[in-house]
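A short worksheet on the structure shown next.
Protein chains in written order, with my numbering: chain A, 1 to 359; chain B, 360 to 718; chain C, 719 to 1077; chain D, 1078 to 1436.
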C-alpha cells in the first residue's frame, strides 16, 4: 500500500480476548509486528487472570512466543478494557455471547472468530475477498443495538476455503448445489481438544455442530446486500464432517452443480484468476494469490500445501467432471490462519480500509 | 451347516497365488484351519521362488504366521500347479491377466481379488450377500472361453461395504443416485505401498484408478441376471477417493437419493435387518450380522469398529436426512478382510454351496 | 489347573473401583467370563454415580462392552461396598489413598493398579512370575494396620516387562546396573490423557513422575524377603521416559551390566527359558510364555508384537553386546494388560492359589 | 561478514549430485538464493537423466520448488561435469564411492553427505562449530591421492546434534562415557523410505547400520589434529537406534559420564554459552545460537523445536543428574537440515572462509 492508515501516528491499540487458547495464540503470532495493530491487552479465563502471558500460556505453536506478549498480564475479559479500538475475539461461544456486545457498546470494533453472533441478521459474516460490502450491515447493527462500535464475524474454519471457491465459481457459472465432505485437522478443536486415543490412526466421522454451519454459513456469505439488509444466496448444500489425524489444514471434497457450466479449462481459470473485490486486495493479510490451482493429480495435501500464501491462500486441485453434478474438486484451507485468527485480522484490516476504523 | 461338503473326505486342496504380499498374507491368515479348504501351494515373484514362505515373506500382520505356511516352498505362479481345485489370487493385475485364465482353463476355480477380469461381461463380480445368482455367468464364461474351471472376482475393497449397504437400501427404497467420498486405509495400497513421508499427519486426496471403479463396479454388482447375461443397475454414482493415515478400514460418506424414500427408522431397520439371500448365510465366512447399525453419533470409527463380525460385517452409522438427496450415512468395511482376502474366500464357499465345486 | 478354587461353589464376588476410565475398562474386558472372579459391583466418580455403566462410560476399547457390564449401576467408591471379597482398583492415586485402606480394613483383598501404596514397606509390589513370595508382607501389613483384608499392588506399567526381564537375567548373571529408556504408548496416560496436538507426529521426552518410579520400583520387586520384611535389590538404574504416538505397548531400550556375564546365547536362553516360580504358572492369566525372545533384527514392535500371549507375555529382542556395559536389548510389554489391569488380576489369582483368598 | 568472498565477482558455481532424493531436495531448497554458491548443474539416476528437474522430481518438501531449479536438466553423475567448483553430494553410498573421487581428482571441492568416505583417515568428518581445524586433513588427502580438489564429509544425521553437545561438554568437563538412545524421524530414511504400514502408530527399534556409526563417528569428530593426522577422542559410547513416526527431527536421550563434573548450572551454561571456534561463526549457515537450552520440563520436542535457528541450532533440554553417570539430557537436531544438506553447505562455507576455495 502506498499509504498505511497509521503513517506518522503509530498503530491502533488492540486487545485479544481469550488469548491463551489455540486460536488466541495464533492471534498473538500473526499480530506480531503487524503494521496497523498493536496488541496492548490480553484476556483469559479466571484461572489465568493476574498472571503474565508467558507464565500461564501453554504455547502450542512451533514458532516462539513473541517477547512483547510474554510480559503482558492476563486481564479478565469483563469489565470492558478501556483504551482499545480493535478487539480480536477468540472466546468460547458462551462467553462471547456476553462479552462481545459489551465491547461493541463501548465503541470497540470486535472482530470475532466466535460463532455466537454469526447467525444474527445484522452481523456481517465476512470474508474480504468474497463479500466486503456486507460491512454495510454495521449501520443496521448500530441502529438496532445502539452500539458505537460493532461486531464483525468470520465464518467457521471448515467453510472458509470452500466459500471463497464457491464465490469464484458463482461469478462465472452460478452454483446451485454443492455436496461437501470435510476432512478436518485436529487443531480445529482447540487445545487440549481431541484426545490422542480418539484420533491416532483413526478417523472420527463426526464433528459436533459442524454440518449445520457448513450448510448454512456459505448461503449468508454469498448473499446479496440490498436496502441495507441481506438476501441469502439460493444455494443448496449437503455436508459431511470428519476429523482426521492432521495437525493443520482442512480439506474439502466438493461436487458442484452449476447454472451455466463451462469447460474444465474455464473452471480452472475462473479459480486461478479470481482476485476478489478491489478493496480486499493489498491489505497486509490479503492472500497472494486468493486461490492457487494445483495441476498435480494428488494435490492439495495438508502437509505440502497448507502454508501456501502464508496460510491465507485457498488451494484447489483435482478439478474434474462430475457424473452427477458438473464438476468435482478438492479444496484446502489453513484452519487456524485463513480459517480463524488470520480471518479476523483480515476483517479488521478491511474495516480500516473502508474507513470504519479511523485514526 | 448341517452337512459340510467335506464330511468324511478331507478338505479341498487350494493354492494362494501371490502369497507374500499384504493380501496374500491375509489369505494365509484367514485360511488357517479353514473347515473346507486346505492350502497346499503358494506362489510368489521370481525373486522368492524356491525359498520357504517363512524365510522370504516379510509378514506384516499382528498375528503370527501359521506354522504350516512357514514351511511351504514358494512356487512360480506359472506353469499351472497341478492338483489344486481352488485358487485364491492376490496377484497384481498384469500378472493375473495371464495366469488366471491358465488356471481356469486347467479346471481350477479361481477366486480372485485382482481387478484384471472384473469388467468382463461373463465374469461375476460377486458378493454372496448381494448377488449370489451372478454365478450364473459361469456357464456363459465356460461356453465363451472353453474353460473347465472359471474365474470369479470380488470387487474393489473400497466399494464392498458400500455396495452391501446400497443393496439393502435398494430392496426397500430403490437407490437412484449416490454421492460417495472414501477415506481409505493405507493397507489398501499393499506393502510397501504408501511411503510414510506421504501420509504421516497428512491426507492424500487421490487414489490411483480408484474413482472409476467406485462409480462402475456397484452398477455391475447390483445388476440383474436375465437369460444368462447381466443387466447393469440403473444407478448414478459420483466418487471422491482419499487416502488417510489409518491402518485398516475404509470409511465411506454416502448421500443417497431413493426412488421411494421411507422414514429414517425404516432406513435404519432396512439396514439392520438385511440378511442377504439364503444361500449366502451360514457359510463359514458369512458376516454375522451382515450390517451392524450404530446409534452413537460418532460411529463407525476404524479403530473401534473395523473388526466387527471378525472383519466381515459392514458397519453403518450416522443415518440422517440429506438436504439435497434423501439420506446420508457413514459406512465402514475392513478393506483387507471383507474387502479382499475374506471376500474371495467367502466367494469360494458360495461356489461350494451352490455345487460348482464338488468333492 | 486340575482343580479351580471355585469348583462347585461359583465364582468369587469382585468389584472394580474406578471402572469408567481406560484401565477400568480393561478390567471389565479381561474379567469377562473369568473362571474365578465375578464382577458384581462397579464404582465411578460422583458425576457418574447412579447411572448405568453402559450409559455413562465412554468405552474406548475395540472390543464391545460386555453385556453384563452394560446394566450394572455405578456406585460411589465409598462407603465400602458390602459383599465383595476381591476389589480391583483402577482409582486415581489420591482417591486410592483413602478408599483402598477402607476396603482392606473391611476384609477385602484389594488388588490395586494405583501407585498410592506401592512404596509402603509392608505392601507387596507384586509380579507373580517374579516375586510371589512377597505376599509374605501381607502378614506384616495386617499386624501393622489391623486389617482383615490387605492391599497388594502391581508396578508401574513402564517397568513391568523390564523387571520380568531383569529377574530372568538376575538369576543367571546378576544385574548390577541398568540404563533404560522408555518409549511409552499414549494409553498409559489414560483417557482423555494426552492431547492429540501434543503427540501427533511428535515425541514428548517426558512423562510426569515416571523416571523416579522406573529407578525405584524394580529394586523393591527384585528384593529379597527375610524375617517377614523386604531387603531391596542392590541394583542401580538410570531412566529416561518418553511418550510416543503408539496406542498400546511400552518399549524399553536396556543396557545392562552383569556381575557374571555369559555368552550371548546364554543370555538369549536365560530369557527364553525363564518360567517363573511354580506357583505363578498355570494361573488363568499366566503369560504363555513368560518371555518371548525374537530373533528378527527389528523386533519387538508394538504394532506387531504387543498382543503376544494375549498381552501378558514380555517380548524381548535385539540382544547384542554393549560396548559400555555387557548386553543391550529391547523389551516390549502391553501397558494396559500386563502393565495394568491384567497385572492386578494375575495378582488376585496368585492370592487365591496361595490360599490368602479362600472360598 | 564484512566482506563476502564473492564481492564483485558473482557466486561460485556448484552442482548437486543426487538432486532428486529427499536430501537432494533440501540442498536445492537451502541453496536457493545462497549468497556464495550458485547451483548450475543437477545430477540424478539414469531414469531421470535428460528430463528437467521440475518434471522428474517428486518434490516432498512443504515449500515450493524454486523456479530456477525447475528448468535445470538432470545430468548423469558421471562423467564429471565441467565448470563446477563446489559439489554437494546427496548420492547413495555405493555411487558416492565411485563418483566423489572422480570429482575430487578433477579439482572440485566435494562436500558430501554420503557415508562412503567418512571412515577414511585422510577425510575430514566435519562440523564447523566443533572441529574446523580437521580441514587440515585436506593436505594429507591431496598428498595421498593426488587430488586437486578434495572430499569433506559431514556426519550421520543422528549424531550431529549429539556431537555438538558433547563438544561443549568436553571443553568444560571432559566426557568419558556416553549412553545414547535415538528416536529418529522418518525423513532420515529418504524417500520413499519407510513404508507407512511399518511406522504408523508404531516404533521400529532398529535402524540399519546406524548404531555402529553412532558409536564411532563422534570419536573421530572430537579427535585432535596433530602433525597433520588425527588422534581419535578417548570416549566410549553405546547406542540404541529407533525409528519413530515423526516427520523431521532426531531426538537423543543422553547419559554422560564426565572426567570433571560440575554443578548442574554449570552444565547448562556450558551448553548455552558454547559459541564454537571463531572461524565457524558469521558464516551464512552458522546456527544462531549454536545450542539452545530449554528450561521447560518437557522439551525439546520435534514438532515445536526442530526449526530453531532455521533448523541449524541444536536444542538441549531436561538437563538433570544421572544416578549412574553424571548428567542426563535430551538433544534435538533437524536431521535433513543440520544433519544433512545444511551440514554440507555449512562445511563448504567453512572451506571458503578458510581459503581452500577461493575466487
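Beta carbons are placed, not taken as given, at the ideal position from N, Cα and C, and that holds for glycine.
Those residues of the stretch 947-971 of chain C placed with their C-beta closer than 9 Å to a C-beta in chain A are 963, 964, 965, ordered along the chain. If you ignore the 5 residues before and after residue 825 of chain C, its C-beta comes within less than 7 Å of the C-beta of 866, 867, all in its own chain and listed in chain order. For residue 790 of chain C, no CB of chain A lies under 8 Å from its own CB, so it is not counted at the interface with that chain. The Cβ neighbour count for residue 264 of chain A, taken over all protein chains shown within 10 Å, is under 16; the residue is labelled exposed.
Contact check for residue 700 of chain B against residue 472 of chain B passes: the beta carbons are separated by less than 8 Å. Sequence-distant Cβ neighbours of residue 1290 of chain D in its own chain, meaning closer than 6 Å and more than five residues away, are 1233. For a Cβ distance threshold of 7 Å, residue set 1315 of chain D lies close to residue 1040 of chain C, ordered along the chain. Beta bridge pairing from DSSP links residue 686 of chain B with B/615, B/680.
At a Cβ-Cβ threshold of 8 Å, residue 37 of chain A and residue 86 of chain A count as neighbours. DSSP places residue 901 of chain C in the strand class (E or B) of the three-state scheme. By the Cβ test, the stretch 252-266 of chain A is in contact with the stretch 173-186 of chain A, since at least three Cβ pairs between them sit closer than 8 Å. Taking a Cβ-Cβ threshold of 7 Å, the residues of chain D close to residue 553 of chain B are 1273, in chain order. Its chain contains 988, 989, 992, 1009 as the residues whose beta carbon lies nearer than 7 Å to that of residue 886 of chain C, once the 5 sequence neighbours on both sides are disregarded; these appear in chain order. Closer than 8 Å to the CB of residue 307 of chain A there is at least one CB belonging to chain D. Shortest Cα-Cα distance from residue 583 of chain B to any of B/511, B/716, B/529 involves B/529. In terms of CA proximity to residue 710 of chain B, B/494 leads the group B/608, B/382, B/374, B/494.
At a cut-off of 8 Å, the C-beta of residue 662 of chain B has a neighbouring C-beta in chain C. Using a Cβ distance threshold of 8 Å, residue 379 of chain B and residue 400 of chain B do not count as a contacting pair.
Per DSSP, the beta bridge partners of residue 968 of chain C are C/1051. Neighbours of residue 919 of chain C in chain B, taken as residues whose beta carbon is under 8 Å from its own, are 559, 560 in chain order. The C-beta separation of residue 130 of chain A from residue 163 of chain A comes to about 6 Å, placing the pair in contact by the 8 Å criterion. Assignment of beta-bridge partners to residue 959 of chain C by DSSP yields C/900. At a cut-off of 8 Å, the C-beta of residue 295 of chain A has no neighbouring C-beta in chain B. DSSP places residue 1433 of chain D outside both helix and strand once states are collapsed to three, so it counts as coil.
For residue 1137 of chain D, the C-beta contacts it makes with chain B under 9 Å involve 554, 556, 557, in order along the chain. Interface residue (Cβ-Cβ distance to chain B less than 8 Å): residue 215 of chain A is classified as such.
It is roughly 18 Å from the alpha-carbon of residue 109 of chain A to the alpha-carbon of residue 280 of chain A.
Take residue 531 of chain B, set aside five residues on each side of it, and the residues of its chain with a beta-carbon closer than 6 Å to its own are 629, in chain order. Taking 8 Å as the cut-off, the Cβ atoms of residue 1281 of chain D and residue 1337 of chain D do not count as close. Residue 763 of chain C has a beta carbon lying at 8 Å or more from every beta carbon in chain A. At the C-beta level, residue 60 of chain A and residue 90 of chain A stay beyond 8 Å of one another. Between residue 1108 of chain D and the set D/1142, D/1122, D/1355, the nearest pair of CA atoms involves D/1142. Checking the DSSP bridge columns, you'll see residue 675 of chain B partnered with B/652, B/690. In this structure, DSSP gives residue 1115 of chain D an extended state, which the three-state scheme calls strand.
Apart from sequence neighbours up to five positions away, the residues of its chain that approach residue 948 of chain C with a beta-carbon distance below 6 Å are 941, ordered along the chain.
Within the DSSP bridge table, the entry for residue 944 of chain C names C/947 as partners.
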